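Accompanying notes for the structure given below.
Protein chains: 2
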Amino acid sequence: MTPGTRKRRQRQDKVTLSDVAQSAGVSAITVSRALRDPEKVSPHLRDTILRVVEEMGYVPDLAARALASKNSGLVGVISPGLASHVFVAVIRGIEDRVRSSDLRIQYASSDSDREDQLRQLRFFLSQNPAGLVHVGQMPDPAIDELLRRAPCPVVEIMDISRPPSDMVIGIDHRLAAETATRHLIAKGYRRIAMLGNGSDFRARRRLDGYQAVLEEAGLFDPTLVLSVDSHSSVGLGCQLLERLKSEHPDADSAFCQNDDIALGALFECQRRGLSVPQEFGICGFNDLEYAGFAFPAITSVRVPRYDIGYRAADMIIRAAGTGMPPPNMVDLGFQLVERGSTAREG
Amino acid sequence: MTPGTRKRRQRQDKVTLSDVAQSAGVSAITVSRALRDPEKVSPHLRDTILRVVEEMGYVPDLAARALASKNSGLVGVISPGLASHVFVAVIRGIEDRVRSSDLRIQYASSDSDREDQLRQLRFFLSQNPAGLVHVGQMPDPAIDELLRRAPCPVVEIMDISRPPSDMVIGIDHRLAAETATRHLIAKGYRRIAMLGNGSDFRARRRLDGYQAVLEEAGLFDPTLVLSVDSHSSVGLGCQLLERLKSEHPDADSAFCQNDDIALGALFECQRRGLSVPQEFGICGFNDLEYAGFAFPAITSVRVPRYDIGYRAADMIIRAAGTGMPPPNMVDLGFQLVERGSTAREG
DNA sequence: CTGTTAGCGCATTCAC
DNA sequence: GTGAATGCGCTAACAG
Chain A
10 MTPGTRKRRQ
20 RQDKVTLSDV
30 AQSAGVSAIT
40 VSRALRDPEK
50 VSPHLRDTIL
60 RVVEEMGYVP
70 DLAARALASK
80 NSGLVGVISP
90 GLASHVFVAV
100 IRGIEDRVRS
110 SDLRIQYASS
120 DSDREDQLRQ
130 LRFFLSQNPA
140 GLVHVGQMPD
150 PAIDELLRRA
160 PCPVVEIMDI
170 SRPPSDMVIG
180 IDHRLAAETA
190 TRHLIAKGYR
200 RIAMLGNGSD
210 FRARRRLDGY
220 QAVLEEAGLF
230 DPTLVLSVDS
240 HSSVGLGCQL
250 LERLKSEHPD
260 ADSAFCQNDD
270 IALGALFECQ
280 RRGLSVPQEF
290 GICGFNDLEY
300 AGFAFPAITS
310 VRVPRYDIGY
320 RAADMIIRAA
330 GTGMPPPNMV
340 DLGFQLVERG
350 STAREG
Chain B
10 MTPGTRKRRQ
20 RQDKVTLSDV
30 AQSAGVSAIT
40 VSRALRDPEK
50 VSPHLRDTIL
60 RVVEEMGYVP
70 DLAARALASK
80 NSGLVGVISP
90 GLASHVFVAV
100 IRGIEDRVRS
110 SDLRIQYASS
120 DSDREDQLRQ
130 LRFFLSQNPA
140 GLVHVGQMPD
150 PAIDELLRRA
160 PCPVVEIMDI
170 SRPPSDMVIG
180 IDHRLAAETA
190 TRHLIAKGYR
200 RIAMLGNGSD
210 FRARRRLDGY
220 QAVLEEAGLF
230 DPTLVLSVDS
240 HSSVGLGCQL
250 LERLKSEHPD
260 ADSAFCQNDD
270 IALGALFECQ
280 RRGLSVPQEF
290 GICGFNDLEY
300 AGFAFPAITS
310 VRVPRYDIGY
320 RAADMIIRAA
330 GTGMPPPNMV
340 DLGFQLVERG
350 STAREG
């Protein structure tokens, strides 16, 4: 294909509803109905119309539709770092629930800074969305305000610690961290570090839970908390474990802010010939797919990510419908999955 | 917050441009200009207007704007399994390039089946998109047709083996696989398996490259190709390695369709006490972040995913602009990154 | 079951 | 630098 032959088509050739109507010998509204509500048009006409639509390559204009009907059918999902491993399952859940409805999901990836989140949020609000799913990063008054005033159902997902603008579904990250930390103590670990990136408030909640449990046990040592403000990654896990062992050779375990960090820590232990779980115990967070397949398999906290997505979409749909409104706060709970990386004889 | 106090706001309270105009004592069009083109409004008026906009909480209606201006400013990105590790960097690239423009990105996650892909595609086409980025799964005439007739620039990304409907950017997956396979041969491996999920055409192209090189070397054995039609995952990597070693104890290495599979294979080797790279060599694909941090680090083929995203967005922007149109095919090349998992003395 | 009328909220075009 | 008229493409509400 040479450049010369490439299309530079504009929309001058756009086929409209009236074009189709004219061509089919009916009125525009009938075509509109044949498309959206086929039952309401006589079979014969319907067939003719649909054939003409096909022939002319008619594509409905959603902007016009949204404007006329005040109903965009669009559900916006906004997440900082949309494409993270953690979010994969959430998206699958959302899509699965929405498939049987006539809603459409569109995702936007916000930066982690609040300006960008506000931008993305405003963009969706400008589209008369039928619903909004929001993953918060840091509590922010301006964002809260926008969510509260949104003229559509809004579900905030992942953590349930804050009262929602409208609805919220997720787990209690602090409680989850407490459980994980208790597990490490029960397994006989005493110098328990916290490794992770501390950029969002869920991480902060996990840190709180970790700290509370260790303080209660008289084991808390703030210098064992190694947190950086970068993206979480396996490389970061390696780096943090390295720093930990050089600063605190006696550290005997780590609660990692997520499984990436945990995996990195595991690799670094292997590199150093540190046996896991005997000499060093590792507990991750999220229970990503690979946690169960690592060697040794990584103990982690399973977060019902798929369900969070599925139910969030369900809440939007139910809130928009006329039936019983959904609850405005749902705690889906978590589950500590004990595996080899902490399977030390207490 | 009790259910009774929850908002069930509809858009009855929507503030329009004319509301703002009236309140500010100007005409609607002036408000419109103050918002989109502040330079064209006198400073004094502008300030007044922006203040009123703020006070009244005016939110522009993009549907109306798109309808009136025939310009939605929306770029759609459609990818099967949007939220895969592989796509993270692509998204970052796209976002980075687009940030300085007035375009907006929205992502849609298609199922792997073609019906769903067509649905998503049509949905975007219905929105008068300013551009479209498409990740193909399997070549499909209906999809090609839609892309070709799209009234906007379209960039197909990832693989460049097929002539694009409009533009394409990516790498040659077949060539990349050939390079990886040659590397394994050069390292002295002879019974080289192929492990992976073979669901999309890029995987197919990699398989072709693998096969061609091995045939040329007289080493090809079709029974060493273990491919399943499920999602790629670390668990799958474990499983495939297990099957491979039970069916072919003499297999001495594997070219994995991606790094997840490679990581799984590595874990499984560790579990079996099979030393990598001495007794078994592993080469992955994509060079995900963790590949370099595994123990041993995993040899992989680096795909310039960030650049693919960045340049794809750039091509959309340039194609829409009036300057020199972008090339319609860009090969960004790949790079074999040799690491420990194949570092055997030849 | 089908058509007519009107208008969604905004931007373009042309005046001033 | 500002405003008035007009219509984008479609659908709600009514009429027949």
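Chains as they are written, first to last, in my numbering: chain A, 10 to 355; chain B, 10 to 355.
Virtual Cβ for every residue (Gly too), placed ideally from N, Cα, C.
All figures in this text were calculated on a predicted structure; none of them were measured in a lab.
For the stretch 96-110 of chain B, the set of residues with a beta-carbon nearer than 9 angstroms to any beta-carbon of chain A comprises F96, V97, A98, V99, I100, R101, I103, E104 and R108, in chain order. Distance from the Cα of G332 (chain B) is smallest, within the candidate group B:V339, B:D340 and B:D323, for B:D323. With respect to the C-alpha of D120 (chain A), the residue from A:F302, A:S93, A:L249 and A:P69 having the closest C-alpha is A:S93. With respect to the 7 angstroms criterion, L250 (chain B) and A212 (chain B) are not classified as neighbours on the basis of their beta carbons. With the rule of 3 Cβ pairs closer than 8 angstroms, the stretch 308-315 of chain B does not count as touching the stretch 78-93 of chain B. Under the three-state reduction of DSSP, P52 (chain B) is assigned to helix. When B:Y219, B:R157 and B:A202 are compared, the shortest CA-CA separation from A185 (chain B) is found for B:Y219.
Straight-line spacing of the CA atoms in L204 (chain B) and S208 (chain A) works out to 37 angstroms. Beta-carbon to beta-carbon, R113 (chain B) and G82 (chain B) are separated by about 6 angstroms, close enough to satisfy the 8 angstroms threshold.
Ranked by how close their Cα comes to the Cα of V107 (chain B), the residues B:Q136, B:F133, B:G140 and B:A75 have B:G140 in first place.
In this structure, P305 (chain B) sits away from T351 (chain B), with a CB-CB distance that is not shorter than 7 angstroms. Burial check for G330 (chain B): the Cβ neighbour count within 10 Å stays below 16, so the residue is exposed. Burial check for P172 (chain B): the Cβ neighbour count within 10 Å stays below 16, so the residue is exposed. With a threshold of 7 angstroms between beta carbons, F302 (chain B) makes contact with chain A. Distance from the Cα of L216 (chain B) is smallest, within the candidate group B:E187, B:S242 and B:H192, for B:E187. Nearest CB-CB separation between S135 (chain A) and chain B: below the 7 angstroms threshold. Proximity of Q146 (chain A) to chain B, defined by a Cβ-Cβ separation below 7 angstroms, is not satisfied.
Relative to G293 (chain A), the option among A:S236, A:A263, A:D125 and A:G66 whose CA is nearest is A:A263. F210 (chain B) and P334 (chain A) have their alpha carbons spaced roughly 45 angstroms apart. When secondary structure is reduced to three states using DSSP, F276 (chain A) falls in the helix class. A72 (chain A): member of the alpha helix (DSSP H) spanning L71 to S78, first to last residue. Counting only residues of its own chain and dropping the five nearest sequence neighbours on each side, Y198 (chain A) has a CB closer than 6 angstroms to the CB of D261, S262 and G290. Per the coordinates, the alpha-carbon of M338 (chain A) lies some 6 angstroms from the alpha-carbon of I178 (chain A).
Close partners of V68 (chain A) in chain B (Cβ separation under 8 angstroms): R131, L134 and S135. Secondary structure of R214 (chain A) (DSSP, three-state): helix. The residue from A:S242, A:G282, A:S255 and A:Q279 with its alpha-carbon nearest to that of N267 (chain A) is A:S242. The three-state secondary structure of S135 (chain B), taken from DSSP, is coil. Nearest to D149 (chain A) by C-alpha distance, out of A:N137, A:L130 and A:P160, is A:L130. If you check each beta-carbon in the stretch 239-251 of chain B against every beta-carbon of chain A, the ones closer than 8 angstroms belong to S242, V243, G244, G246 and C247.
Straight across, the Cα-Cα distance linking A30 (chain A) with V40 (chain A) is about 6 angstroms. If the five residues before and after N206 (chain B) are omitted, its C-beta is found closer than 7 angstroms to the C-beta atoms of A212, S236, V237, D238, S239, H240, S241, L245 and Q266, all from its own chain and listed in chain order.
Interface criterion not met: the Cβ of F289 (chain B) is under 7 angstroms from no Cβ in chain A. With a cutoff of 7 angstroms on beta-carbon distance, T57 (chain B) and A73 (chain B) are scored as not near each other. Below the 8 angstroms Cβ cutoff, chain B contributes Y299 and F302 as neighbours of G273 (chain A), in chain order. Closest by C-alpha distance to Q344 (chain A), out of A:A328, A:P313 and A:A226, is A:P313. Cβ-Cβ distances below 7 angstroms link L59 (chain B) to A43 in the same chain, with the five nearest sequence neighbours on each side left out; the list follows chain order.
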